[in-house]
Amino acid sequence: MRILLHIDDIEAWRDALAERLPGAEIVTADDPADKRRDADYLAVWKPPEALLAEQTRARGIVNLGAGVDALLNNPALPAGVPIVKLRDAGMAELIGDYVRYGVLHFQRDFDRYRRQQAQRKWQEHAVADKRDWPVGVLGLGAIGARVAAMIAADGFPVHGWSRSPKSLEGITCHHGDEGLVELLGQVRTLVLLLPGTNSTRHIINAAALAALPEGASLINPGRGSLIDEAALLAALGEGEREGRLRGAILDAFPEEPLPESSPLWWHPRIWVTPHMAGPTPLDEAVDQVAEAIRAFEAGEEVESIDPEAGY
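Residues 1 to 311 in the UniProt record's numbering are what the sequence shown lists, from first letter to last.
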């Protein structure tokens with residue numbers, strides 16, 4: 001059994017996977033072409049097109065992350081091969097911490113205090129009660145549901161949204177187009193945890209931003225394609241003039257690394273982080289990879305993604 005592995009920190013991944021699948025031959029992009037091509041299984045994260053094009057006999061693919069848009073958009077993706085993605089694998093807890101920080105950042109006025117410090121301005125702001133700070137979470141998959149529960153446990157009212165109806169304890173759930181508009185009109189901080197698909201591209205556009213209450217904030221640890229960047233910048237206002245939207249914390253972008261020329265870097269009400277909200281914990285992730293490959297090898301049914309839906 002030959003497994004093609006492609007991800008950052010390749011040595012650690014190779015060693016961990018070899019420990020769990022001792023009979024497997026694990027190859028990487030650094031191996032000679034005749035050795036790495038025609039693998040039985042692919043365990044990959046954003047593989048280059050040329051590397052995928054060499055794989056003509058793959059029987060299963062494990063996407064080494066929660067987002068599959070980069071893989072599905074790769075022109076060399078083998079047709080008809082089932083794809084399994086990592087589901088949580090410890091990422092939800094990390095993303096939840098990122099979001100909890102972001103919610104507190106705005107609820108406790110740290111954005112305003114930071115700007116006041118630059119002006120040497122001493123002014124205290126009244127603390128908003130958590131009960132009066134509803135948070136919206138778009139996307140209620142494994143990660144979104146966990147993040148929503150973490151925010152609710154902190155004492156914030158939480159509204160969640162998904163395409164189809166869901167029921168989660170302690171979360172006010174909305175669905176469909178009407179449900180999205182209903183949610184947007186009620187939340188002071190909006191969190192984006194949707195997959196990157198054709199149907200979610202620019203779901204946060206000018207109309208969505210206008211539906212948010214004045215002074216709302218945005219946190220995106222999800223996919224960069226979810227936001228219409230021009231609409232976001234317009235909603236934030238220019239220079240010291242605050243727009244309808246109070247601020248945004250952004251961790252994912254359509255092009256990564258974020259180009260140095262991007263206006264997002266220097267906007268005074270945007271905080272940029274380098275796609276670090278949910279790094280994949282190695283041990284839990286490799287356990288899922290090994291489990292999926294064993295299931296493929298045994299001919300067992302696996303929970304694969306729907307390429308048409310994009311998740």
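Idealized CB from N, CA, C, for every residue including glycine.
- Query: In chain order, what residues of the same chain lie with their CB nearer than 6 angstroms to the CB of ARG246, ignoring the 5 residues before and after it?
  - Reply: GLY215 and SER217
- Item | Cβ-Cβ separation, VAL302 to LEU84 (assumed contact under 8 angstroms), whole Å | Checking the sequence shown, residue 84 turns out to be Val, not Leu. Right, their Cβ atoms sit about 5 angstroms apart.
- Query: Which one of LEU94, ARG114, ALA70 and THR56 has the shortest CA to CA distance from GLY80?
  - Reply: THR56
- Message: Whether or not the region 254-267 and the region 283-294 are in contact is what I'm after, with contact meaning three or more pairs of Cβ atoms, one per stretch, closer than 8 angstroms; do they touch?
- Response: no
- Message: Within a Cβ cutoff of 8 angstroms, which residues of the same chain sit near GLN116, ignoring the five residues on either side of it in sequence?
- Response: TRP122 and GLN123
- Message: Along the chain, where does the beta strand (DSSP E) containing LYS85 start, and where does it finish?
- Response: 83-85
- Message: I'd like the list of long-range same chain contacts for SER162, defined as Cβ closer than 6 angstroms, with 5 residues on each side in sequence excluded.
- Response: LEU140 and HIS175
- Task: Within the region 153-186, note down every full beta strand (DSSP E) run reaching 3 residues or more, in order along the chain.
- Result: 158-162 and 172-175
- Item | Residue span of the beta strand (DSSP E) that contains VAL137, given as start and end | 135-138
- With a threshold of 16 other CB atoms inside 10 Å of the CB of MET276, please say whether the residue is buried or exposed. exposed
- With a threshold of 16 other CB atoms inside 10 Å of the CB of ASP30, please say whether the residue is buried or exposed. exposed
- Beta-carbon proximity check, VAL158 vs VAL127, cutoff 8 angstroms: no
- Could you tell me the distance, in whole angstroms, from the CA atom of PRO195 to the CA atom of GLY23? 34 angstroms
- Message: Just to confirm, is the Cβ distance from ASN205 to ASP177 under 8 angstroms?
- Response: no
- Query: What is the residue span of the beta strand (DSSP E) that LEU203 lies within?
  - Reply: Just to set this straight, residue 203 is Ile in the shown sequence, not Leu. Looking at the DSSP string, ILE203 is not in any beta strand (DSSP E), and its letter there is neither H nor E.
- Message: Using beta carbons (cut-off 8 angstroms, strictly below), is THR56 in contact with chain B?
- Response: No chain B appears in the structure shown, which is made up of a single protein chain.
- Which first and last residues belong to the alpha helix (DSSP H) in which HIS6 is found? That residue, HIS6, is in no alpha helix (DSSP H); its beta strand (DSSP E) goes 2-6.
- Item | Distance between GLY96 and ILE3 (C-alpha atoms, nearest Å) | 32 angstroms
- Query: So, VAL135 versus PHE156, is the Cβ gap smaller than 8 angstroms?
  - Reply: yes
- Alpha carbon to alpha carbon, how far is THR200 from ILE293? Give it in angstroms, no decimals. 30 angstroms
- Query: Does the distance from the C-beta atom of GLY179 to that of LEU168 stay below 8 angstroms?
  - Reply: no
- Should the region 183-192 be called in touch with the region 100-107, which here means at least 3 C-beta pairs below 8 angstroms? yes
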